[in-house]
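Participant: Just so you know, the sequence shown maps onto residues 1 to 795 in UniProt numbering. What follows is a single structure, and I will ask about it in a moment.
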Amino acid sequence: MKLKVVILSLSVFAYTGFTAQNIQNNPGSNHGNRFEQLGTILPTPNIYRTASGAPGHGYWQNRADYNITAYLDEDKRNLKGSETVTYYNNSPDDLDYIWLQLDENEHSSIRNAGYDTSSVLRSSTTDQQLKVSELPVKDNGYGVSLEKVTDASGNPLKYTVNKTMMRIDLPKILKKGEKFVFKVDWNYNISNRMKMGGRGGYENFPEDGNDLYTMTQWYPRMCVYSDFQGWQNHQFTGRGEFALVFGDFKVSMNVPSDHIVGGTGECKNYDQVLTSDQLSRYRKAENASEPIEIVTLDEAKRAEKNHSKQRKTWVFEAKDVRDFAWTSSRKFVWDGMRVTIPENNNKVMAMSFYPKESYGLYRKFSTKAVAHTIKTYSEFTIPYPYPVAQSVEAANGMEYPMICFNFGRTEKDGTYSEGTKNGMLGVIIHEVGHNFFPMIINSDERQWAWMDEGLNTFTEYLTEEKWDNKFPSKRGPAWTIVDYMKLPKDQLEPIMSNSENIVQYGPNAYSKPATGLNILRETIMGRELFDKAFKTYAKRWAFKHPEPADLFRTMEDASGEDLDWFWRGWFYGTDPVDIAIDKVTVAVPNLESDPKAAAEVKYQVEKPLVNSFEDLSKIRNREDKNIKFYVDGDKDVQDFYYRYDRGQEKVDNNKEYTIKTEAGLPLDARDKEKFKNITGYQIDFVNKGGLVMPIILEFTFEDGSKVYDKSAAQIWRLNEQKVSKTYYFDKKVKSIQLDPMRETADIDTTNNFWSSAGTGTETSKFQLFKQKQGGGSVRGGSTGKVNPMQAAGKS
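Right, dumping it as structure tokens:
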């Protein structure tokens, strides 16, 4: 049915304003701000988290094991579930209540988090989008309906639901080392995620009358109780993702018998739910190096036409995972192959599930991309530890342990654009990569989106680069973040912002942190140092709960690089990089100057080196009759300056003295020949953007040759606004290019170039002499000038 569109023209007025945080201790100073240590900005190290960035000897985390049964009612589009949860208190604290997440309440009109955002009148809209404001809001029928909450013996438990969170009051204190077993029965109406949005739900295919279900955030899940925050029970608004505890899962899903189910972990009863042919193909796929169709395209097409009323139960188990998700549909083609992770010799089943609408892309690429991803991430982080990795084509992008949902459909004729293909590969790599961040290296996504999305997007970029050297990566290379970095300050916010409070979510949570890590790897630290430190972070915090300080400290601890200036600028600030070549001064040596020509210097004799102001301590010491000053009692140390400081020696301090100095030794013929082609270049740089970065230069000479030089960012440590670098070459420089590979995210490249052919370029001369032997200064030695003793004729 075609949608009737009614266009409404409205008058719209807009105003925006935002001020970024400033964490500088001395923002008015000319230097020191950007190179200050983060100090008290980071949490104080303790027995749980060390100053090195590693877990401390007192580190702990709680655990939850789940035994869940689920019933998928396809006719009513309802899910009914029952779970038994065993919660382990490993913390040193006594707990008298626990918190669970009811994420499906996000879809409820009356039980959602209630985080409104600003809304304005649109200049145009459609009749479907235009809805009369319904006040008070009516229940739309979505969200979790709790049927029963009991202890292990069936005794009712007191509980309180606050929007998307549920608190269960414990019948007695849960002490350290104890466990609590409870049960929850619930059901909810499954939402149409293509219309209502969200990560889980169903997609309907009207052409064949089938649904594709992605069951995510589908069961009441334990919140994290941690050493750094206590209960992470911030409301779920649909954006800030999840903080979850590790545990073991056993899940049984009762679905229509012609559905194919994929889920977190391993299926334990394929022999009961697959046909003999499908089971045989699965066994072959377990040892195949190329994807084998376990459920074929023809079988999927036939299943679409016959909606069985019979049912089957699929049983899955997963160990040491933080979540469980699954998918179910009769539309699925299913293929798989075995991939071995070299670092730990783990043999993993890489698999893909997809409808016929995706066959032309997913059959060719998906499972191989899954295999490539877990192998490449294993190189850069930790060896993939799980037995399964799966990609499901569901017209979206979302991740869970061992399973993820991605997009990638062909046109009806089976063709596809290159953009669709690359987008599909990118999202598969990204979502499969989330197995590492945050499914294993288990950061708090509800608080820090970038620790999940940013770290994963960075490693995704490394993986895309190893997939195809021509892959058009959109996030990771420094130059791709420039358009975001050059936005007005009132449209920017620091990376270190809470997930719910970010305006430019994509650049802030994904692109900027990924780009920053890539700049660290390629430009600041170098690949060897960075890769070692990044792997150290992954190893330290695998199956644990890291915070930003743990990453920052580990990267420095494992590399020996002081990176506080980088975290401070790139993660806590909003300044962009804009380093400009302000001026180039060119000079050649004067080889014919006479070194014997004396230089005359005129100056006056020093006045007594006593304080010009008599401070209180000196006065009181002088008035105290019990204090005897050493020099007053020992005449042997009462030298000329003792008397001079007291006015007892007279010296004419107004008289000018003239000293002639010899500039140096003459250059011989060989020296003149050696230096005849030398040219000096002083390059003055200004920091227009505010964010310090290394200075990277490409020199092109008149003969066409090139040389490169890089100064570390610390060149700015004494003056963050202006610095200069001087070079001497034995051939003429034709041009100087700053940041030639665009690796610092400089937002204005028009001020990064100098040419000798440019207007206003002049060449001056500098005096060049041969240095005298032994001409170096001695600390505490003579200055070579007339001192007061000489002027007075005393010794």
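Note that the Cβ used here is the ideal one computed from N, Cα and C, for glycine as well. Fair warning: this is a prediction, and the values are worked out from it, not measured in the lab.
Just list the residues that DSSP pairs C267 with in beta bridges.
Facilitator: Answer is F316, bridged to C267.
Participant: Under the rule that 16 or more other beta-carbon atoms within 10 Å means buried, what is T763, buried or exposed?
Facilitator: Exposed.
Participant: Is the beta carbon of T744 closer than 8 Å to that of P694?
Facilitator: It is a contact, given that the beta carbons lie within the stated cut-off.
Participant: Please confirm whether M402 and A285 have their CB atoms less than 8 Å apart.
Facilitator: The answer is no: Cβ separation not under 8 Å.
Participant: Could you pull out every residue in the same chain whose Cβ sits closer than 7 Å to the Cβ of R553, ignoring the five residues on either side in sequence?
Facilitator: Cβ neighbours of R553 beyond the five flanking positions: A51, S52, G53.
Participant: Check whether the Cβ atoms of S108 and Y142 sit closer than 8 Å, and answer yes or no.
Facilitator: Yes.
Participant: Check the C-beta distance from L38 over to W567 and give it rounded, since I have them as a contact under 8 Å.
Facilitator: At roughly 6 Å, the Cβ-Cβ gap stays under 8 Å, so L38 and W567 are in contact.
Participant: Name the DSSP bridge partner or partners of A389?
Facilitator: Per DSSP, A350.
Participant: For R446, does the count of other Cβ atoms within 10 angstroms reach 16, so buried, or fall short, so exposed?
Facilitator: The residue in question, R446, is buried, as its Cβ has 16 or more Cβ neighbours within 10 Å.
Participant: How should K172 be labelled, buried or exposed, when 16 other C-beta atoms within 10 angstroms of its C-beta is the threshold for buried?
Facilitator: K172 comes out exposed.
Participant: What's the call for H434, buried or exposed, on a 16-neighbour Cβ count within 10 Å?
Facilitator: By the neighbour-count rule (16 or more Cβ atoms within 10 Å), H434 is buried.
Participant: Can you give the Cα-Cα distance for E546 and L455, rounded to whole angstroms?
Facilitator: Correcting the residue identity first, residue 546 is Pro in this sequence and not Glu. Answer to the nearest angstrom: the Cα atoms are 12 Å apart.
Participant: What span of residues does the alpha helix (DSSP H) with Q278 cover, start to end?
Facilitator: Counting along the chain, the alpha helix (DSSP H) containing Q278 begins and ends at 276–285.
Participant: State the start and end residues of the unbroken alpha helix (DSSP H) segment that holds Q790.
Facilitator: 788–792 is the span of the alpha helix (DSSP H), which, as asked, contains Q790.
Participant: Thinking just about the alpha-carbon of each residue, which of M439, V601, Y354, A369 is nearest to the one in S328?
Facilitator: It is Y354.
Participant: Please list the terminal residues of the continuous alpha helix (DSSP H) segment that includes A745.
Facilitator: Taken as a continuous stretch (DSSP letters only), A745 belongs to no alpha helix (DSSP H), as it is neither H nor E.
Participant: Which residue comes first and which comes last in the alpha helix (DSSP H) that contains S617?
Facilitator: S617 -> alpha helix (DSSP H) spans 616–623.
Participant: Taking C-alpha atoms, which residue in V432, T574, R742, K794 lies nearest to P488?
Facilitator: Checking every option, the nearest Cα to that of P488 belongs to T574.
Participant: When DSSP labels each residue in this structure, what does G758 get in the three-state scheme?
Facilitator: Correct three-state label for G758: coil.
Participant: If contacts are defined as beta-carbon pairs under 8 Å, then S378 and I428 qualify, I think. What distance do you get, rounded to the angstrom?
Facilitator: Actually they are not in contact, since the Cβ atoms of S378 and I428 sit about 16 Å apart, beyond 8 Å.
Participant: What runs of the alpha helix (DSSP H), each 4 residues or longer, lie entirely inside the segment 299–343?
Facilitator: Segments of the alpha helix (DSSP H) lying fully in the segment 299–343: there are none.
Participant: Can you tell me whether G265 is buried or exposed? The criterion is at least 16 other CB atoms within 10 Å of its CB, across all chains shown.
Facilitator: Label assigned to G265: buried.
Participant: Between which two residues does the alpha helix (DSSP H) containing I374 stretch?
Facilitator: Start and end: 359–380.
Participant: DSSP state of D709, grouped into three classes?
Facilitator: Looking at D709 - three-state DSSP - the assignment turns out to be strand.
Participant: Taking a contact to mean a Cβ-Cβ separation below 8 Å, would you say P220 touches Q101 in this structure?
Facilitator: Closer than 8 Å, so yes.
Participant: Using the beta-carbon count (16 or more within 10 Å), is K785 buried or exposed?
Facilitator: Classification of K785: exposed, given that the 10 Å Cβ count is below 16.
Participant: Taking 8 Å as the cut-off, decide whether the C-beta atoms of Q217 and R199 are in contact.
Facilitator: It is a contact, given that the beta carbons lie within the stated cut-off.
Participant: Just to confirm, is the Cβ distance from V144 to Y188 under 8 Å?
Facilitator: Yes.
Participant: Under 8 Å by Cβ, that's how I've got P55 and K544 pegged, so tell me the actual separation to the nearest angstrom.
Facilitator: Rounded, the Cβ-Cβ distance is 6 Å, consistent with contact.
Participant: Beta carbon of Y359: closer than 7 Å to some heavy atom of the ligand PLP?
Facilitator: Within the structure as shown, the ligand PLP is missing, as the structure has no ligands at all.
Participant: Since A514 contacts G476 with CB under 8 Å, what's their CB separation in whole angstroms?
Facilitator: Right, the Cβ-Cβ distance comes to about 5 Å (below 8 Å), so this counts as a contact.
Participant: Drop a sphere of 10 angstroms on the beta-carbon of N46, count the other beta-carbons inside from all chains shown, and report buried for 16 or more, exposed for fewer.
Facilitator: With fewer than 16 other Cβ atoms within 10 Å, it is exposed.
Participant: Figure out for me which residue from K674, S358, N287 has the closest Cα to the Cα of T340.
Facilitator: Nearest option by C-alpha distance: N287.
Participant: Taking the straight line between their C-alpha atoms, what separation do you get for F571 and P494?
Facilitator: Going from the Cα of F571 to the Cα of P494 covers about 6 Å.
Participant: Take the Cβ of F246 as the centre, count every other Cβ of all protein chains shown within 10 Å, and call the residue buried at 16 or more, exposed below.
Facilitator: It counts as buried.
Participant: Between K672 and the rest of its own chain, which residues show a CB-CB distance below 7 Å, the 5 nearest in sequence each way excluded?
Facilitator: So the list reads L591, once near-sequence residues are dropped.
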